[in-house]
Amino acid sequence: MRIFDPHIHMTSRTTDDYEAMYAAGVRALVEPSFWLGQPRTSPASFYDYFDSLLGWEPFRAAQHGIAHHCTLALNPKEANDPRCAPVLDELPRYLVKDGVVAVGEIGYDSMTPAEDTALAAQLQLAADHGLPALVHTPHRDKPAGLRRTLDVVGESALPPDRVLVDHLNETTVKEAKDSGCWLGFSVYPDTKMDEERMVAILRAYGPEKVLVNSAADWGRSDPLKTRKVGDLMRAEGFSEDDVDLVLWRNPVAFYGLSGRLDLDLDAEETAATATHEGNSILRGGGAPAAAPTEW
Numbered sequence: 001m002r003i004f005d006p007h008i009h010m011t012s013r014t015t016d017d018y019e020a021m022y023a024a025g026v027r028a029l030v031e032p033s034f035w036l037g038q039p040r041t042s043p044a045s046f047y048d049y050f051d052s053l054l055g056w057e058p059f060r061a062a063q064h065g066i067a068h069h070c071t072l073a074l075n076p077k078e079a080n081d082p083r084c085a086p087v088l089d090e091l092p093r094y095l096v097k098d099g100v101v102a103v104g105e106i107g108y109d110s111m112t113p114a115e116d117t118a119l120a121a122q123l124q125l126a127a128d129h130g131l132p133a134l135v136h137t138p139h140r141d142k143p144a145g146l147r148r149t150l151d152v153v154g155e156s157a158l159p160p161d162r163v164l165v166d167h168l169n170e171t172t173v174k175e176a177k178d179s180g181c182w183l184g185f186s187v188y189p190d191t192k193m194d195e196e197r198m199v200a201i202l203r204a205y206g207p208e209k210v211l212v213n214s215a216a217d218w219g220r221s222d223p224l225k226t227r228k229v230g231d232l233m234r235a236e237g238f239s240e241d242d243v244d245l246v247l248w249r250n251p252v253a254f255y256g257l258s259g260r261l262d263l264d265l266d267a268e269e270t271a272a273t274a275t276h277e278g279n280s281i282l283r284g285g286g287a288p289a290a291a292p293t294e295w
């Protein structure tokens, strides 16, 4: 089973997670920029974070045989903080980078006027840079948040088939599917979706244009949820082709719209030779770990 996790915050995870993900079949991922758990106090902190997603984190992932890409944006929660507004003006110089495969996460948290402005501006940035967009729907009042999201998308220069609407559930999936957008589902241990609900949605609505992710942030989460969804799909009678469509080909197709997806990764060569700004992640002068074995 080959897996592409299309939304996972590896900045919040350990190297043990990378090893476990590789063993479970994960060979590629996209890490969206997001809120870090406490408010940033200046735009400069965003830029250091963006640099990390473009440099350090892809290097760290490559040590474990996983191709890393990212999406960059001013996230919905911090779009409400006037101190962070200058990030919108600086984003264009980051959106031209090779490792950026979408603008995101954008969308809504509390559905404020400031979030309206940031969403519309960043959908335009996506259109201007030939990138798709990853859109975060709010965790509260999800149907209203989805409708407001789709209204703004409809008014933008970005076609729905270049938009991935994420954090969907049973209350929002039909309307999102009818819109023509791609459909994203985050699977968590306690909140959002679980494996059983996810498989029920796939049975009801089919696997086309569906992306399943683990998100796996700094809260209680599980970076192996994509694998667990695939295992349950197989146990519930879905074909190997269906599993491969949801867990690999759909994310490849969506992020491939950027023209920047690069899934070729020589893990042995990377582990043996690469450093990132002088840091090899080695401690004590030891040799790099051997490339992970196949699942």
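Just so it is clear: in the sequence shown, position 264 is 264 by full-length UniProt numbering, and no numbers are missing. Yeah, the Cβ is synthetic: ideal placement off N, Cα and C, and Gly gets one too. Because the structure is a prediction, the values reported are computed rather than measured.
Excluding its 5 nearest sequence neighbours in each direction, A204 has no C-beta neighbour in its own chain below 7 Å. D89 has its alpha-carbon roughly 33 Å from the corresponding atom of V187.
Distance from P223 to S214 at the Cβ level is roughly 5 Å; contact confirmed, criterion being Cβ atoms closer than 8 Å. With fewer than 16 other Cβ atoms from the protein chains shown falling within 10 Å of its own Cβ, S42 counts as exposed. Less than 7 Å divides the Cβ of A133 from the Cβ of L158. Annotation: the stretch 187–274 contains the following complete segments of the alpha helix (DSSP H) (minimum length 4 residues), in chain order: 195–205, 225–235, 240–244, 250–255, 267–273. Secondary structure of F59 (DSSP, three-state): helix. The beta carbon of V212 lies closer than 7 Å to those of F185, V187, M198, T226, V229, V246, L247 in the same chain, with the five residues before and after it left out.
Counting only runs that start and end inside the stretch 160–191, the alpha helix (DSSP H) elements of at least 4 residues fall at 173–179. Taking a contact to require three or more Cβ pairs closer than 8 Å, the stretch 55–69 and the stretch 106–116 do not qualify as touching. When DSSP states are grouped into helix, strand and coil, F4 belongs to the strand group. Separation of A120 and L29 (C-alpha to C-alpha, rounded to the nearest whole angstrom) is 26 Å. Considering only L54, F59, E196, L91, the residue with the shortest C-alpha distance to E236 is E196. Less than 7 Å separates the beta-carbon of A114 from that of A79. The straight-line gap separating the alpha-carbon atoms of K97 and S258 is approximately 11 Å.
Inclusion of G37 and W182 in the CB contact set at 7 Å is not warranted, their separation being larger than that value.
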